[in-house]
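Enquirer:
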Amino acid sequence: MSSAAGDTLLAARGEIRELGAHVVAACFNRAGTRAAFALGDGSVHLAASNVASPGAGEWQRVDVHDGAAMALSPDVTADGFCSAGDDGALRRISATGAVATLFSSGGKWIEHVSSFAEPRGGLLACAVGKLVHLFDATGARLKSLAHPSTVTGLAFDARGKRIAASHYNGASLWFATSKSENPRVLEWKGSHIGVAIHPAVEAVVTAMQENALHGWRLSDGQHMRMTGYPAKTESMGFTRSGKWLASSGADSIVLWPFFGGGPMGKPPVEIAQIEAILCTRVACHPRDELVAAGYANGVVLMAQIATQRVVVLTEGGASPVSALAWSPDGARLMFGTEAGLAAVVDLSARSQAHAEAEPRT
Amino acid sequence: MSELLVPVTVLTGFLGAGKTTLLNRILTEQHGSRYAVVINEFGELGVDNDLVVDADEEVFEMNNGCICCTVRGDLIRIINGLMKRAKKFDGIIVETTGLANPAPVAQTFFVDEGVRARARLDAIVTVADAANLPARLADSAEASAQIAFADIIILNKLDLVTPDAADAVEARIRAINPLARIVRATRADVPVETLLHQNAFDLARILEMAPAFLEHDDHGHTEGVYSASFEVARPIDMQKFQQWIGTLLQEKGSDLLRTKGILHIAGEARRFAFQAVHMMADGDFLETEAAPGEKSRLVFIGRDLNRPQLRRGFEACQVAA
């Protein structure tokens, strides 16, 4: 693994902060102009994505939750965010830090938030215990979807037509806006702890308590078993093309092929291995077949799937990477750690030229 | 190492035994510690505490070949969630519903790596109503399980029974669980410091229970949940023991609620401590050395215990005479 560039890259192109609490989640807004970090002390920190812009060094702290933040997603609007906490509140945060409450569960934890945007509006979803509440772009509640046990993961499909929720003994796939009261139930015995939908909606994949992934091919219900992980998969996602499913839970990025008949009967490809150090977060690039990954020792790197070439962004401290996200245009990457380190890195070509032209001291 | 892990106390007991009274006391008393409390019914507690977490006891079966390996998935989620909080706390108390079997809670701490890395099971505390326990034991398997799993039993509401009746209930408890510490109380007035931070699941603590291993073995008892204790004089062959206990837990694990042992292993000066919750076992060498000629001891708490068979099995683990 090449690591020569190491922290120099982060120093030259990034903004780094010590925020002082567990970074629970991180994402960019849809316009890609702002980056938000949600923390275990209930705060959300807003940063400019363009680290070279004037005033980019000034991050804004917004106290959003009384307790810990548990989930964060971009809002359906271009520039805002949505966060949820163990105070039972679902709140909207504007790009300038104004906070408005969308929904309150009366104290029950809200552990998952997801959103889908379209030109005419969009959908917001949050999970409270066994229920998934769906809201329209104005924040009006459309409906509540009931599940047999607590919902452990939420995902909209690429067109916002369907929403998947993972729970005990499988996942439920709902048509988000139809009147239909019944989901398609994807069954597999055990505790499912996270969910992802293939970009062309060919398959739904869940992570399981038993250090494995399980998938269902939607055309015929064919089961897909993906096993061999030394630890639970806490983070996974498909590449833009849908050819690969990237996942955490091993000491490398584990990639399952969703082509050529896979993943059934095909071994996964493992890239960016760091011997005996668990990969804790993965994030697929929104355009290219490239995966960013964070590790339990704080290392953050990018790996190109075809060439397996690895670029290390930071050698890290000792704290596990707990949040990782790309900007919608794929030019910027943000990450956070359990110890509270947070960073936004500009990887655009323009910034590269800028960084290289600058004399190093 | 274990000091870095947040201690988790599991509080069980039948409805009306005094569990809520005890919880309220723990939360309102000035003891200088902060506890997160995981409960089933919101509003049941008379305190407004930002560390009270609402849970639905959600049990699932692990897909790992164990027929009785049920786990509380909600607890895995909640413990991981609580650990993200910036405002730290000194411990977690998990209340179970009156009818709950404590096994899934205990097994959760053996099964999930994330939980093991952050928290440790400190003790299972069972609140029992001195007046009603005999009736509960007669009509419910869960009541026996709650007594069997307990590390500490609070024999509550003693003001409602005669001293003789209290002694009889205590003897009944001892027949099921000879290893638990019994604390007598009225209105759950037990000092909090005697319940929390007990390290009851620490293997080294098993040593302290050693004298109790053989005291209350109720040989006549063959119904419901009871205990069977054994001791052998010659040193234990580690390989034979591992093989025997492994097979035994695999085959009889659903009937063996808890198993604890202190072994003198051949060729090893240090004592070996062993414990299991159903099929989930944990064992390690202790820092202390066994006295010369010290016997190895093993206690089973469970149902349908075949004493002669267990005795022969344990005896066969000794090195050749």
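Read top to bottom, the protein sequences are chains A and B.
Going by our numbering, the first residue of the first sequence is number 1, and it counts up by one from there.
Going by our numbering, the first residue of the second sequence is number 1001, and it counts up by one from there.
Positions of the beta carbon are idealized from the N, C-alpha and C atoms, including for glycine.
Here the structure is a predicted model, which means the values were calculated and not measured.
1. Run down chain A in chain order and give the residues with a C-beta less than 9 Å from the C-beta of G1073 (chain B).
2. Tell me which same chain residues have a C-beta within less than 8 Å of the C-beta of E275 (chain A), skipping the five on either side of it?
3. Rounded to the nearest angstrom, what separates D1304 (chain B) and L1310 (chain B) at their Cα positions?
4. Strictly under 8 Å for the Cβ-Cβ distance: is F107 (chain A) near chain B by that measure?
5. With burial defined as no fewer than 16 other Cβ atoms inside 10 Å of the residue's Cβ, what is the status of A68 (chain A): buried or exposed?
6. Can you tell me where the beta strand (DSSP E) with R1174 (chain B) in it begins and where it stops?
7. Does R309 (chain A) come out as helix, strand or coil in the three-state DSSP assignment?
8. Assign Q1250 (chain B) to buried or exposed, taking buried as 16 or more other Cβ atoms, counted over all protein chains shown, within 10 Å of its Cβ.
9. Report yes or no: is there a C-beta of chain A within less than 8 Å of the C-beta of A1086 (chain B)?
10. Considering Cα atoms alone, identify which of B:L1075, B:L1298, B:A1130 and B:I1026 is closest to G1016 (chain B).
11. Check distances from the C-beta atoms of the region 53-72 of chain A to those of chain B and list, in chain order, the residues that come in under 8 Å.
12. Beta carbon of R1118 (chain B), beta carbon of L1005 (chain B): below 8 Å?
13. Going by DSSP in three states, F1109 (chain B) sits in which element: helix, strand or coil?
14. Which residues, in chain order, does the region 16-33 of chain A contribute to contact with chain B at a C-beta distance below 8 Å?
15. Does E1208 (chain B) get closer than 8 Å to chain A when you measure Cβ to Cβ?
16. Tell me which residue opens and which closes the alpha helix (DSSP H) that P54 (chain A) is part of.
17. Which two residues bound the contiguous beta strand (DSSP E) that contains M1240 (chain B)?
18. With respect to the alpha helix (DSSP H) encompassing L1023 (chain B), which residues constitute its N-terminal and C-terminal limits?
19. Buried or exposed: which applies to S105 (chain A), given that a residue is buried once 16 or more other Cβ atoms fall within 10 Å of its Cβ?
20. Output, in sequence order along the chain, the residues in the region 298-312 of chain A whose CB is closer than 8 Å to any CB in chain B.
21. So, using beta-carbon positions, are G215 (chain A) and A231 (chain A) closer together than 8 Å?
22. In angstroms with no decimal places, state the Cα-to-Cα distance between K1019 (chain B) and K1240 (chain B).
23. Could you pull out every residue in the same chain whose Cβ sits closer than 6 Å to the Cβ of A47 (chain A), ignoring the five residues on either side in sequence?
24. Measure the C-alpha to C-alpha separation of R309 (chain A) and A272 (chain A) and round it to an integer number of angstroms.
25. Taking the alpha carbon of F37 (chain A) as the point to measure from, which residue in A:P328, A:S327, A:A323 and A:A339 has its own alpha carbon closest?
26. Is Q209 (chain A) helix, strand or coil by DSSP?
27. Hey, A125 (chain A) and I93 (chain A) are a contact pair by Cβ (cut 8 Å); roughly how many whole angstroms apart?
28. Kindly indicate the opening and closing residues of the alpha helix (DSSP H) around Q1309 (chain B).
29. Out of A:E289, A:A296, A:V64 and A:S149, which has the shortest C-alpha to C-alpha gap to D41 (chain A)?
30. So who's on the other strand from N1101 (chain B), going by DSSP bridges?
31. In this structure, how does DSSP classify S1140 (chain B) when only helix, strand and coil are distinguished?
32. Just checking G316 (chain A) against the ligand COA - is the residue's beta carbon closer than 7 Å to any of the ligand's heavy atoms?
33. Can you pull the DSSP bridge partners for V1052 (chain B)?
34. Under 8 Å between C-beta atoms, does F1060 (chain B) make it to chain A?
35. Once DSSP output is grouped into helix, strand and coil, what is the label at G1081 (chain B)?
36. When DSSP labels each residue in this structure, what does I1147 (chain B) get in the three-state scheme?
Expert: Per the coordinate set shown:
1. The answer, in chain order, is S149, T150, T152, Y168, S191, I193 and Q209.
2. Excluding residues within five positions, the ones whose Cβ falls inside 8 Å are D251.
3. Approximately 11 Å, taken between the alpha carbons.
4. Inspection of the sequence shows that residue 107 (chain A) is occupied by Gly rather than by Phe. Cβ-Cβ to chain B under 8 Å: yes for G107 (chain A).
5. A68 (chain A) comes out buried.
6. Counting along the chain, R1174 (chain B) falls outside any beta strand (DSSP E), though it belongs to the alpha helix (DSSP H) covering P1163 to I1176.
7. In the three-state reduction of the DSSP assignment, R309 (chain A) falls in the coil class.
8. Q1250 (chain B) is exposed by the Cβ-count criterion.
9. Using a CB distance cut-off of 8 Å, A1086 (chain B) counts as an interface residue toward chain A.
10. Of the candidates B:L1075, B:L1298, B:A1130 and B:I1026, B:A1130 places its Cα closest to the Cα of G1016 (chain B).
11. Flagged, chain order: D66, G67, A68 and M70.
12. The Cβ-Cβ distance between R1118 (chain B) and L1005 (chain B) falls below 8 Å.
13. Correct three-state label for F1109 (chain B): helix.
14. Answer set for the region 16-33 of chain A: G20, A21, H22 and V24.
15. Chain A, which has no Cβ nearer than 8 Å to the Cβ of E1208 (chain B), makes this no.
16. Counting along the chain, P54 (chain A) falls outside any alpha helix (DSSP H), and DSSP gives it neither H nor E.
17. Checking the displayed sequence, the identity of residue 1240 (chain B) turns out to be Lys instead of Met. If you look at K1240 (chain B), you'll find it isn't in any beta strand (DSSP E); it sits in the alpha helix (DSSP H) that goes M1238 to K1252.
18. Element bounds for L1023 (chain B): K1019 to T1028.
19. Under this definition S105 (chain A) is a buried residue.
20. The residues in question: there are none.
21. Not in contact: G215 (chain A) and A231 (chain A) (Cβ atoms no closer than 8 Å).
22. Cα to Cα, K1019 (chain B) sits roughly 43 Å from K1240 (chain B).
23. Cβ neighbours of A47 (chain A) beyond the five flanking positions: A35, W59 and V344.
24. In a straight line, the C-alpha of R309 (chain A) is about 8 Å away from that of A272 (chain A).
25. F37 (chain A) has its Cα closest to that of A:A323, out of A:P328, A:S327, A:A323 and A:A339.
26. Per DSSP, reduced to three states, the secondary structure at Q209 (chain A) is coil, with no helix or strand assignment.
27. Not really, about 17 Å apart at Cβ, beyond 8 Å.
28. Under the DSSP assignment, Q1309 (chain B) falls in the alpha helix (DSSP H) whose first and last residues are R1307 to E1315.
29. Comparing Cα-Cα distances from D41 (chain A) to each of A:E289, A:A296, A:V64 and A:S149, the minimum goes to A:V64.
30. Paired residue(s): none; N1101 (chain B) is not in a bridge.
31. Coil, per DSSP.
32. This structure lacks the ligand COA; in fact it carries no ligand of any kind.
33. Partner(s): B:V1037.
34. The C-beta of F1060 (chain B) comes closer than 8 Å to at least one C-beta of chain A.
35. In this structure, G1081 (chain B) counts as helix in the three-state DSSP scheme.
36. Correct three-state label for I1147 (chain B): helix.
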